[in-house]
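Asker: My structure is below; once you've seen it, I'll send some questions.
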Amino acid sequence: MAIVVNWCVEWVGEDVLQCWPQMAIFEKKIERKVNLDDTLEIRCCIETAQKVNGHTEYVLRVQRGPFSENSWRLLRRYNDFVHLDKCLQISGIDLQLPGKKILGNMHPEFIAQRRVALQEYINHVLMNPILASSLPTKKFVDPDSYSTPFHDLALQNASLCLRADGQYALGQSLGPIGWRLRKHYFRVTMKVPGGRSSPGQAKHLVKSVSQSHARTGPQSSTVGNGSTSEAVQDLILAWTEYGPDKYVDDREIHAALKNLSGIQHPYIQPLDYVTSNDNGALVIRKFISHGSLKDQLCTVQPVNPFLTKYGNPKNRSPLPLRDVALYGRQILEAIRFLHSKGLPNGHVHAGNVVIVNGTARLLDIENFILGVPAFYRPFFMQHSKIHTFEAVDVYSFGHLLYEMTMGYPLQESVARQITDCPDSLRQLLESILLKDSCKNGLPTLDQVAQHAFFQEHVPNFQDILAKATKTTKPHLKWSSCAKEQLKVSLQKAEHRLKDEQKSVRNQKRLVRVQEWMSSEEEKKKIKSKAVSAKPEAFNFIYKLAFEVVGK
1 MAIVVNWCVE WVGEDVLQCW PQMAIFEKKI ERKVNLDDTL EIRCCIETAQ KVNGHTEYVL
61 RVQRGPFSEN SWRLLRRYND FVHLDKCLQI SGIDLQLPGK KILGNMHPEF IAQRRVALQE
121 YINHVLMNPI LASSLPTKKF VDPDSYSTPF HDLALQNASL CLRADGQYAL GQSLGPIGWR
181 LRKHYFRVTM KVPGGRSSPG QAKHLVKSVS QSHARTGPQS STVGNGSTSE AVQDLILAWT
241 EYGPDKYVDD REIHAALKNL SGIQHPYIQP LDYVTSNDNG ALVIRKFISH GSLKDQLCTV
301 QPVNPFLTKY GNPKNRSPLP LRDVALYGRQ ILEAIRFLHS KGLPNGHVHA GNVVIVNGTA
361 RLLDIENFIL GVPAFYRPFF MQHSKIHTFE AVDVYSFGHL LYEMTMGYPL QESVARQITD
421 CPDSLRQLLE SILLKDSCKN GLPTLDQVAQ HAFFQEHVPN FQDILAKATK TTKPHLKWSS
481 CAKEQLKVSL QKAEHRLKDE QKSVRNQKRL VRVQEWMSSE EEKKKIKSKA VSAKPEAFNF
541 IYKLAFEVVG K
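For the sequence shown, the residue numbers in UniProt numbering are 1 to 551.
Now the structure itself:
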């Protein structure tokens, strides 16, 4: 045993072993989990309440996605709702949890009233994209899927990947600064020759919350610039688990990420380092001290928790009109470049944009290769015309443009009315975000780029672009194998999107039929027909049902 432990110390280092008991290393092995889509809509219905051992338990029926088969029941007490509310209080959102009552809390009338109030409370939580995507909410409605120690596994994978290469030292965890539950951020420093981290930086790993660590790490592959001559003090590491749309073959994903690491574009934030293993990928970039564009719009510190930053920011600040046009046009150029190279984005939002020296740059361009679900997926799932990744990028860009203009995000999949902006901008937003636009089809990326709004407010953009590309020449070259992998991945991802949109559409039709069948007027018609002639009554029912479904 001593020989084995000594070998582990040499391989993973003492700093890692301080976080993991030596025996625990050999007890468990990392297993690749089912790639669950965390963006699927969750619905929760409090079906009934029951008295158990002197207290009240509420029976919750939870459903993920459009199919009722993907549902489960669980029991929750009032104190469970209280605990959830405490976890969500950092968002600053008033959720109006019904108050506690000492006397008379077992009276049937009170229990019925509280059940209604708790239903309104959980509806409020699940309808808010920020709250619904948080870990406390996910654990409350689906404890079986979200009790995994996500941070511990990210720490383990990141440290082992970096240890295998030896260029970087893992530093302090930045906590839940992003919305993804399966993406974790750490400070990181480049090692100087001799195996030590840069001076003035943290040298030790953050201790894990639990001890569910593996005996050995998965095989890893790394891509980096190989330089260790200078100390880098402003780097951030992001570890991301593979998502449900990860279709690039495990044997080829290294090549694809290697090609991507060589990207150059004035409106895309470069990747300093990339590494991958069987569970996910690790990306290192320069840390932007003022944060993302969303951080700037909300005037918040980038290293604060996601719920605190974006739940209910008090000082939202929209951008000047020219900045909206300039940054929007720059992001469009980055998206168009990626599409021209066979790489859709699918993840355009204010949190994936940074402003560096007055220039907008796109982040997280690796997300498509990793197959993670998009932030706006619950929105565009509702619109069958948004079934290609170009349409997804146009739709997401519309939301980004709206948020830059108004200072706050659009909380629904479509805009009912757009005001308080110039006519040209209003027309552009309406062509993307109105219900009729989403129903009839969105403009292409090229059509958006040529819109009068950009011509009006940044007429010299081509000169700006020419100057920028002269300094940073756009470059992204794929190997023939990577090209084929991306092509196949795009087809499969779009196929899954269409299938889920079809399921959502069919479910909506079924709900309409059920509502129609349950209406009093239709019940009378059905009963009247049934009395006169049963066969004709059934034909009548089916005919009307299909009419409703077809609407």
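Glycine included, every Cβ here is placed at the ideal spot set by N, Cα and C.
Here the structure is a predicted model, which means the values were calculated and not measured.
What does the alpha-carbon distance come out to for the pair T469 and D142?
Answerer: One-based indexing of the sequence shown puts residue 469 at position 469. One-based indexing of the sequence shown puts residue 142 at position 142. For T469 and D142, the distance between alpha carbons rounds to 48 Å.
Asker: Spatial neighbours of G398 within its chain, please: CB distance less than 7 Å, with the 5 preceding and 5 following residues excluded, ordered by chain position.
Answerer: Residue mapping note: residue 398 aligns to position 398 of the sequence shown, counting from 1. The residues are L429, I432 and L433.
Asker: What runs of the beta strand (DSSP E), each 3 residues or longer, lie entirely inside the segment 107-186?
Answerer: 168-175
Asker: Please report how far the alpha carbon of K183 lies from the alpha carbon of V372, in whole angstroms.
Answerer: Within the sequence shown, residue 183 is the residue found at index 183, counting from 1. Within the sequence shown, residue 372 is the residue found at index 372, counting from 1. Straight-line Cα distance between these residues: approximately 10 Å.
Asker: Counting Cβ pairs, one atom from each stretch, are 3 or more of them under 8 Å apart for the segment 310-318 and the segment 92-102?
Answerer: In short, these stretches touch, since the Cβ pair count reaches three.
Asker: State the start and end residues of the unbroken beta strand (DSSP E) segment that holds S71.
Answerer: To locate residue 71, count along the sequence shown from 1; it is residue 71. From DSSP, the beta strand (DSSP E) with S71 extends over S71 to R77.
Asker: Give the straight-line distance between the Cα atoms of T359 and Y327, rounded to the nearest whole angstrom.
Answerer: By one-based count along the sequence shown, residue 359 stands at place 359. By one-based count along the sequence shown, residue 327 stands at place 327. Each residue's alpha carbon lies about 7 Å from the other.
Asker: What is the rounded straight-line gap between the Cα of T189 and the Cα of L338?
Answerer: As a first step, residue 189 is located in the sequence shown; it is residue number 189 there, counting from the start. As a first step, residue 338 is located in the sequence shown; it is residue number 338 there, counting from the start. C-alpha separation (whole angstroms): 29 Å.
Asker: Can you tell me whether DSSP reads K203 as helix, strand or coil?
Answerer: Against the sequence shown, residue 203 aligns to sequence position 203. Confidence is the limiting factor: at K203 the pLDDT is only 36, short of 50, which leaves the residue's position unreliable, though a coordinate-based value still follows. K203 falls in the coil class under three-state DSSP.
Asker: Is it buried or exposed, F379, if we count other Cβ atoms within 10 angstroms and call 16 or more buried?
Answerer: Translated into the one-based positions of the sequence shown, residue 379 becomes position 379. The residue in question, F379, is buried, as its Cβ has 16 or more Cβ neighbours within 10 Å.
Asker: Could you check where the alpha helix (DSSP H) with K435 kicks off and where it finishes?
Answerer: Taking the first residue of the sequence shown as position 1, residue 435 is located at position 435. Residues K435 to N440.
Asker: From the DSSP output, read off the bridge partner residues of M190.
Answerer: Taking the sequence shown and counting its residues from 1, one reaches residue 190 at position 190. Beta-bridge pairing links M190 to Y168.
Asker: Taking DSSP as the reference, what is the three-state secondary structure of L95?
Answerer: In the sequence shown, residue 95 corresponds to position 95, counting from 1. Shown here, L95 sits in coil according to DSSP, grouped into three states, outside any helix or strand.
Asker: When you compare only the Cα positions, how much space is there between V513 and C45?
Answerer: On the sequence shown, position 513 is the one that residue 513 refers to. On the sequence shown, position 45 is the one that residue 45 refers to. Rounded to whole angstroms, V513 to C45 spans 20 Å at the Cα level.
Asker: Going by DSSP, which residues form a beta bridge with R64?
Answerer: Indexing the sequence shown from 1 puts residue 64 at position 64. DSSP lists I42 as the bridge partner or partners of R64.
Asker: Roughly how many whole angstroms lie between the Cα atoms of S384 and K502?
Answerer: By one-based count along the sequence shown, residue 384 stands at place 384. By one-based count along the sequence shown, residue 502 stands at place 502. Computed Cα separation, rounded: 7 Å.
Asker: With which residues is T56 paired in a DSSP beta bridge?
Answerer: Position 56 of the sequence shown holds residue 56. According to DSSP, T56 bridges with K51.
Asker: Along the chain, where does the alpha helix (DSSP H) that runs through R322 open and close?
Answerer: As a working mapping, residue 322 is identified with position 322 in the sequence shown. Start and end: L321 to S340.
Asker: Span of the beta strand (DSSP E) holding L235?
Answerer: Along the sequence shown, one-based indexing puts residue 235 at 235. From DSSP, the beta strand (DSSP E) with L235 extends over L235 to E241.
Asker: Which residues bound the beta strand (DSSP E) around R361?
Answerer: On the sequence shown, position 361 is the one that residue 361 refers to. Segment T359 to L362, the beta strand (DSSP E) holding R361.
Asker: In the DSSP assignment, find the alpha helix (DSSP H) that holds V448 and state where it starts and stops.
Answerer: Working through the sequence shown from its first residue, we reach residue 448 at position 448. Per DSSP, the continuous alpha helix (DSSP H) segment holding V448 begins and ends at L445 to A449.
Asker: Is DSSP giving V353 helix, strand or coil here?
Answerer: Here residue 353 corresponds to residue number 353 of the sequence shown, with the count starting at 1. Of the three classes helix, strand and coil, the one that applies to V353 here is strand, per DSSP.
Asker: Under 7 Å between the Cβ atoms of I102 and T56?
Answerer: To locate residue 102, count along the sequence shown from 1; it is residue 102. To locate residue 56, count along the sequence shown from 1; it is residue 56. No, they are not a contact pair.
Asker: Is it true that the segment 453-470 meets the segment 342-357, where meeting means three or more beta-carbon pairs spaced less than 8 Å apart?
Answerer: no
Asker: Nearest CA to the CA of P422: which residue from T405, C438 and L282?
Answerer: As a first step, residue 422 is located in the sequence shown; it is residue number 422 there, counting from the start. P422 has its Cα closest to that of T405, out of T405, C438 and L282.
Asker: Which residues in the same chain as D295 place their Cβ atom closer than 6 Å to its Cβ, once the five residues preceding and following it in sequence are excluded?
Answerer: For the purposes of this step, residue 295 is identified with residue 295 of the sequence shown, where counting begins at 1. Contacts found: P302.
Asker: Between the beta-carbon of W478 and the beta-carbon of N259, is there less than 7 Å?
Answerer: Translated into positions along the sequence shown, residue 478 becomes position 478. Translated into positions along the sequence shown, residue 259 becomes position 259. A contact, by the Cβ cut-off of 7 Å.
Asker: Please go through the same chain and pick out, in chain order, the residues whose beta-carbon is closer than 7 Å to the beta-carbon of A132, but skip the five residues on each side of it.
Answerer: Looking up residue 132 in the sequence shown gives position 132. For A132, where only same-chain residues beyond five positions count, the Cβ hits under 7 Å are I42, V125 and L126.
Asker: Do V354 and I284 have their C-beta atoms closer together than 7 Å?
Answerer: As a working note, residue 354 is residue 354 in the sequence shown. As a working note, residue 284 is residue 284 in the sequence shown. No. Outside cutoff.
Asker: Touch check for the segment 247-254 and the segment 479-496: three-plus C-beta pairs under 8 Å?
Answerer: In this structure the segment 247-254 touches the segment 479-496; the number of beta carbon pairs closer than 8 Å is three or more.
Asker: In the DSSP assignment, what are the bridge partners of I268?
Answerer: As a working mapping, residue 268 is identified with position 268 in the sequence shown. Its beta-bridge partners are L362.
Asker: To the nearest angstrom, how far is it from the Cα of A391 to the Cα of Y376?
Answerer: For this step, residue 391 is matched to residue 391 along the sequence shown. For this step, residue 376 is matched to residue 376 along the sequence shown. Going from the Cα of A391 to the Cα of Y376 covers about 12 Å.
Asker: In chain order, what residues of the same chain lie with their CB nearer than 8 Å to the CB of K86, ignoring the 5 residues before and after it?
Answerer: On the sequence shown, position 86 is the one that residue 86 refers to. The beta carbon of K86 sits closer than 8 Å to none of the beta carbons in its chain outside the five residues before and after it.
Asker: For G243, tell me which candidate among A334, A493, P318 and Q507 has the shortest Cα-Cα distance.
Answerer: By 1-based counting over the sequence shown, the position of residue 243 is 243. Checked all of A334, A493, P318 and Q507; the closest Cα to G243 is A493.
Asker: Starting from the C-beta of R496, find all residues in its chain whose C-beta is less than 8 Å away, skip the five residues before and the five after it, and write them out in chain order.
Answerer: Position 496 of the sequence shown, counted from the first residue, corresponds to residue 496. Within the same chain, R496 has close Cβ partners P244 and D245.
Asker: According to DSSP, is H347 helix, strand or coil?
Answerer: Within the sequence shown, numbered from 1, the residue matching residue 347 stands at position 347. Looking at H347 - three-state DSSP - the assignment turns out to be coil, as it is neither helix nor strand.
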